[in-house]
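Peer 1:
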Amino acid sequence: MQERPLSDWLPLSLKEAEKRGWDAFDAILISGDAYVDHPSFGTAVIGRIMEDEGFRIGIIAQPNWRDDLRDFKKLGKPKYFFGVTAGCMDSMVNHYTAGKRLRSTDAYTPGGVAGFRPVYASTVYSNILKELFPDIPVLLGGIEASLRRVSHYDYWADKLFPSILVDSKADALVYGMGEQPLRTFLKLLKKGVPFEQIRTLPQIAYVQNKEEDVLKNKHWETVSLASHEECLNDKVAYAANFKIVEVESNKLSANRILQEVGDQRLVVNPPYPTMTENEIDASFELPYTRLPHPKYKKRGTIPAYEMIKFSLNIHRGCFGGCSFCTISAHQGKFIASRSEGSIMKELEEIAAHPDFKGYLSDVGGPSANMYKMKGKDESICARCVAPSCIHPVICNNLDTSHKPMTELYRKIDAHPKIKKAFVGSGIRYDLLVDDFNKNNEDGNHDEYLEQVVTRHVSGRLKVAPEHTADNTLKVMRKPSFKYFHKFKEKYEAISAKHKLNQPLIPYFISSHPGCEETDMAELAAETKDMGFKLEQVQDFTPTPMTVAEVIYYTGLHPYTLKPVFTAKSPDEKKNQNRYFFWYKRENQEWISSRLKRAGRADLSQKLVERPHEKQLPPWLAKRRGG
């Protein structure tokens with residue numbers, strides 16, 4: 003690790019603050035993650051923005067919530083507020099698997115050690131602060147707060163929770179990418195506006211007594227959700243709420259949302275416009291050390307940092323709108339792209355790192371190949387209420403040119419200190435299939451794919467068709483699997499042309515809403531025919547603020563309010579997952595009998611029966627588990 007003065011990091015202690023000549027803090031951040039001073043870590047970004055706005059900022063990373071709470075007191079009382087985040091992940095996803103088993107590791111903790119953050123971390127931290135410092139406001143942020151800003155189903159507790167503002171007792175919440183609202187918030191505080199009076203700022207949420215009038219804003223219309231109590235009593239009301247929330251979250255010009263919770267009213271102001279190029283560049287160009295805080299030296303590496311420390315994040319947002327994904331709920335569906343100059347500047351910083359060996363682990367974003375993509379005519383986008391720009395078909399108004407990315411990759415490739423730059427964040431393959439994506443005016447799709455295949459694949463290319471059954475894919479908001487076949491043909495043709503052996507690795511999800519058990523059997527059979535033996539599989543997890551979570555809880559699709567089958571019991575979920583592993587002997591007899599009972603002997607023959615092979619005697623088959 004580079005030897006740098008301790009004052010290069012934001013302070014984690016009073017001693018470090020003294021090195022900066024500070025005897026107190028304007029704001030203090032509490033985070034469930036270890037402090038890594040890097041633009042991929044939210045606490046660092048928010049801390050550096052505060053610093054940039056002239057605030058004396060301190061960080062309390064992963065405080066102990068089970069002792070006498072000395073960690074929460076160690077920096078004293080801030081002048082303006084405490085900022086609270088669970089970290090880069092929802093704390094429940096961080097803690098538990100889809101099967102609700104406790105995870106043994108935590109990628110955001112030194113040494114990967116689990117147990118350094120509580121469950122429902124934002125709520126726990128905020129309640130502690132409210133008890134210790136009742137007169138100091140608490141501002142929530144980060145993905146946990148963002149996804150739990152309205153009534154939401156919690157899979158781990160198997161119950162409906164109100165807005166996180168209610169249980170946390172926090173004073174306000176910033177949702178989504180926090181740079182824009184935070185800067186304005188800080189400027190208002192410095193001007194002397196009291197925290198509790200900052201109520202008409204975009205992209206914040208707060209609760210008030212429902213007898214109080216909602217402050218007027220001439221630019222905003224208002225829509226009301228069914229109350230939390232109505233949602234508790236009526237799943238249809240909860241499902242209908244979600245459609246409103248998703249639509250308003252993804253509009254260029256959104257409405258303010260109100261929801262009553264007991265004797266309170268939740269107010270969710272509309273989001274800021276998508277970050278401009280200058281705004282997102284400014285966020286990435288703050289004076290990060292790009293290193294974990296030195297206090298962690300003896301505790302081991304931080305896995306999440308090791309994964310991204312030599313990577314380039316070139317954009318934010320995703321217009322895919324996948325039913326199971328939270329990206330658009332947090333980052334928005336409109337793409338905020340960095341300038342080429344900003345990206346190349348960061349590349350120079352990475353290349354100067356003494357541990358850099360010439361390999362970039364990733365050049366990408368939430369989806370690798372959406373850089374610089376936006377509506378050709380933004381007035382059309384302004385009228386749009388669709389949650390996805392590419393489902394069920396690709397919008398004619400969407401500019402899907404891959405040319406800016408192709409040119410960027412080539413410039414990165416040409417850098418004298420770069421041996422290899424990988425695209426590791428996953429490619430939306432459907433954008434590269436001409437039969438599906440007709441928006442190929444510059445004819446660049448094949449050129450881009452050839453650039454990726456020949457220069458930027460690390461042994462194998464990962465893509466995510468997610469399923470093979472059209473009925474399930476429709477619920478997922480993913481294209482028909484026939485387009486994956488077409489992409490595979492194109493990919494293999496380019497690989498053969500260049501004599502490359504780089505397997506295509508597809509990712510799939512089991513137990514997703516809309517998926518029957520026979521659908522999983524068909525997935526297994528089709529992928530087996532294609533030569534895949536799946537090793538990495540994902541069981542569906544209903545995370546807050548997703549279409550799939552709503553379906554899982556209510557049994558209804560929020561846009562149609564019609565029933566959708568969902569595997570919910572542990573046995574149902576386990577049974578679906580077993581089909582991934584058709585090649586394991588212990589599963590074959592079970593699969594065969596299960597499919598025959600379902601009247602699908604044809605699938606049994608495809609998966610586990612091999613009539614062309616010599617059959618084993620029953621006693622030997624039994625001994626081998628077959």
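Residue numbers (our numbering): 3 to 628. Glycine residues also receive a C-beta, built at the ideal position from the N, C-alpha and C atoms.
Does the Cβ of Asn280 have 16 or more other Cβ atoms within 10 Å, making it buried, or fewer, making it exposed?
Peer 2: As a position in the sequence shown, residue 280 is number 278, starting the count at 1. Exposed, because fewer than 16 other Cβ atoms sit within 10 Å of the Cβ of Asn280.
Peer 1: With a threshold of 16 other CB atoms inside 10 Å of the CB of Asp432, please say whether the residue is buried or exposed.
Peer 2: Looking up residue 432 in the sequence shown gives position 430. So Asp432 counts as buried.
Peer 1: Excluding the 5 residues preceding and the 5 following Pro515 in the sequence, name in chain order all residues of the same chain whose CB lies nearer than 7 Å to its CB.
Peer 2: Taking the sequence shown and counting its residues from 1, one reaches residue 515 at position 513. These residues qualify, in order along the chain: Val477, Ala550, Ile553, Tyr554, Val566, Thr568.
Peer 1: What are the start and end residues of each continuous beta strand (DSSP E) run of 3 or more residues lying completely inside the segment 543-616, in chain order?
Peer 2: If we require 3 residues or more, the segment 543-616 turns out to have no beta strand (DSSP E) run fully inside it.
Peer 1: Can you give, in chain order, each stretch of the alpha helix (DSSP H) that sits fully within the segment 120-199 and has at least 4 residues?
Peer 2: Complete alpha helix (DSSP H) runs here, min 4: 123-134, 145-149, 166-170, 181-192.
Peer 1: Based on DSSP bridge pairs, tell me the residues matched to Glu468.
Peer 2: Looking up residue 468 in the sequence shown gives position 466. Per DSSP, Phe510.
Peer 1: Bridge partners for Gly84 per DSSP, in chain order?
Peer 2: Counting from 1 along the sequence shown, the entry for residue 84 is found at position 82. Here residue 84 is Phe; the residue named in the question, Gly, does not match the sequence. Answer by DSSP bridge pairing, in chain order: Ile30, Val140.
Peer 1: Please classify Gly377: does DSSP put it in a helix, a strand, or coil?
Peer 2: For the purposes of this step, residue 377 is taken as residue 375 along the sequence shown, with counting starting at 1. Gly377 falls in the strand class under three-state DSSP.
Peer 1: Quick test of your reading: Leu141 and Gly85, contact by CB under 8 Å. State the CB separation rounded to the nearest angstrom.
Peer 2: By 1-based counting over the sequence shown, the position of residue 141 is 139. By 1-based counting over the sequence shown, the position of residue 85 is 83. 5 Å between Cβ atoms; contact.
Peer 1: Identify every residue that forms a DSSP beta bridge with Asn211.
Peer 2: Here the question's residue 211 lines up with position 209 in the sequence shown. Gln266.
Peer 1: Under 8 Å Cβ to Cβ from Leu134, same chain only, skipping five residues before and after it: list those, please.
Peer 2: For the purposes of this step, residue 134 is taken as the residue at position 132 of the sequence shown. Excluding positions up to five away in sequence, the list reads Leu71, Phe74, Lys75.
Peer 1: Given that a residue counts as buried once 16 or more other Cβ atoms are within 10 Å of its Cβ, and exposed if not, what is Gln199?
Peer 2: Taking the first residue of the sequence shown as 1, we reach residue 199 at position 197. Burial call: exposed.
Peer 1: Identify, in the order they occur along the chain, each residue of the same chain with its Cβ nearer than 6 Å to the Cβ of Asp169, setting aside the five sequence neighbours on each side.
Peer 2: Position 167 of the sequence shown, counting from 1, holds the residue named residue 169. Closer than 6 Å at the Cβ level, and outside the excluded window around Asp169, lie Thr125.
Peer 1: Would you tell me roughly how many angstroms separate the C-alpha atoms of Tyr290 and Asp283, rounded to the nearest one?
Peer 2: Here the question's residue 290 lines up with position 288 in the sequence shown. Here the question's residue 283 lines up with position 281 in the sequence shown. The alpha-carbon atoms of Tyr290 and Asp283 are separated by roughly 13 Å.
Peer 1: Is the separation between the beta-carbon of Ile345 and that of Phe312 shorter than 8 Å?
Peer 2: Sequence index remark: in the sequence shown, residue 345 carries index 343 (1-based). Sequence index remark: in the sequence shown, residue 312 carries index 310 (1-based). Not closer than 8 Å, so no.
Peer 1: Determine the contact status of Tyr155 and Pro572, defining contact as a CB-CB distance below 8 Å.
Peer 2: Numbered from 1 along the sequence shown, position 153 holds the residue referred to as residue 155. Numbered from 1 along the sequence shown, position 570 holds the residue referred to as residue 572. No, Cβ-Cβ distance for Tyr155 and Pro572 is not below 8 Å.
Peer 1: Rounded to whole angstroms, how far is the Cβ of Pro80 from the Cβ of Ile30, which I believe are closer than 8 Å?
Peer 2: Position 78 of the sequence shown, counted from the first residue, corresponds to residue 80. Position 28 of the sequence shown, counted from the first residue, corresponds to residue 30. Confirmed, about 5 Å.
Peer 1: Which full runs of the alpha helix (DSSP H) of 4+ residues lie inside the segment 227-290, going along the chain?
Peer 2: List check, alpha helix (DSSP H) in window: 230-235, 237-251, 279-286.
Peer 1: Would you mind reading off the limits of the beta strand (DSSP E) that contains Ser313?
Peer 2: In the sequence shown, the residue the question calls residue 313 occupies position 311. Element bounds for Ser313: 313-315.
Peer 1: Roughly how many whole angstroms lie between the Cα atoms of Arg462 and Lys422?
Peer 2: In the sequence shown, counting from the first residue as 1, residue 462 sits at position 460. In the sequence shown, counting from the first residue as 1, residue 422 sits at position 420. Near 14 Å, if we compare the C-alpha coordinates of Lys422 and Arg462.
Peer 1: If you check the beta carbons only, do Glu636 and Arg185 fall under 8 Å apart?
Peer 2: As shown, the chain starts at 3 and ends at 628. That puts residue 636 outside it, with no answer to give.
Peer 1: Please report the straight-line C-alpha distance between Glu409 and Phe286, rounded to a whole angstrom.
Peer 2: The residue labelled residue 409 in the question sits at position 407 within the sequence shown. The residue labelled residue 286 in the question sits at position 284 within the sequence shown. Between Glu409 and Phe286, the C-alpha separation is close to 21 Å.
Peer 1: Quick one: what's got a C-beta closer than 6 Å to Ser594's C-beta in the same chain, skipping five residues either side?
Peer 2: Reading the sequence shown from its first residue, position 592 is the one you call residue 594. Within the same chain, Ser594 has close Cβ partners Ser606, Val610.
Peer 1: Excluding five sequence neighbours on each side, which residues of the same chain lie with their C-beta closer than 8 Å to the C-beta of Asp236?
Peer 2: Looking up residue 236 in the sequence shown gives position 234. Taken in chain order, the residues that qualify are Ala228.
Peer 1: Nearest to Gln261 by alpha carbon, out of Ser255, Val270, Lys253?
Peer 2: The count along the sequence shown starts at 1 and reaches residue 261 at position 259. Ranking Ser255, Val270, Lys253 by Cα distance to Gln261 puts Val270 first.
Peer 1: At what residue ranges does the segment 31-83 contain a whole run of the alpha helix (DSSP H), taking only runs of 4 or more?
Peer 2: 44-54, 72-75, all fully within the segment 31-83.
Peer 1: Who does Ala338 pair with in a DSSP beta bridge?
Peer 2: For this step, residue 338 is matched to residue 336 along the sequence shown. DSSP lists Arg318 as partners of Ala338.
Peer 1: Whole angstroms are fine: how far does the CA of Arg6 sit from the CA of Ala354?
Peer 2: In the sequence shown, counting from the first residue as 1, residue 354 sits at position 352. In the sequence shown, counting from the first residue as 1, residue 6 sits at position 4. Taking the straight line from one Cα to the other gives about 14 Å.
Peer 1: Buried or exposed for Tyr361, please, with buried defined as at least 16 other CB atoms from any protein chain shown within 10 angstroms of its CB.
Peer 2: Walking along the sequence shown from the start, residue 361 turns up at place 359. Answer is exposed; the Cβ neighbour count stays below 16.
Peer 1: Excluding the five sequence neighbours on either side, which residues of its own chain have a C-beta within less than 8 Å of the C-beta of Pro273, listed in chain order?
Peer 2: Taking the first residue of the sequence shown as position 1, residue 273 is located at position 271. If we look at Pro273 and ignore the five residues flanking it on each side, its Cβ neighbours are Tyr177, Gly178, Pro204, Gln205, Ser251, Ala256, Gly334.
Peer 1: Whose C-beta lies closer than 8 Å to the C-beta of Thr520 among residues of the same chain, with five residues either side of it excluded?
Peer 2: Taking the sequence shown and counting its residues from 1, one reaches residue 520 at position 518. Closer than 8 Å at the Cβ level, and outside the excluded window around Thr520, lie Leu597, Ala600, Arg602, Leu605.
Peer 1: Taking the beta strand (DSSP E) that Ile365 belongs to, which residues open and close that run?
Peer 2: The sequence position of residue 365 within the sequence shown is 363, counting from 1. Checking the displayed sequence, the identity of residue 365 turns out to be Val instead of Ile. Where Val365 is concerned, the enclosing beta strand (DSSP E) stretches over 364-366.
Peer 1: May I ask you to verify whether the segment 303-321 touches the segment 205-222, counting CB pairs closer than 8 Å and requiring at least 3?
Peer 2: No contact exists between the segment 303-321 and the segment 205-222.
Peer 1: Leu451: buried (16+ other C-beta within 10 angstroms of its C-beta) or exposed?
Peer 2: Position 449 of the sequence shown holds residue 451. Buried, because 16 or more other Cβ atoms sit within 10 Å of the Cβ of Leu451.
Peer 1: Going along the chain, which residues of its own chain have a beta-carbon closer than 6 Å to the beta-carbon of Gly114, five neighbours each way excluded?
Peer 2: Locating residue 114 in the sequence shown gives position 112, where the first residue counts as 1. Thr107, Pro305, listed in sequence order.
Peer 1: Where does Val225 sit, in a helix, a strand or coil, going by DSSP?
Peer 2: Sequence index remark: in the sequence shown, residue 225 carries index 223 (1-based). Val225: strand per DSSP, three-state reduction.
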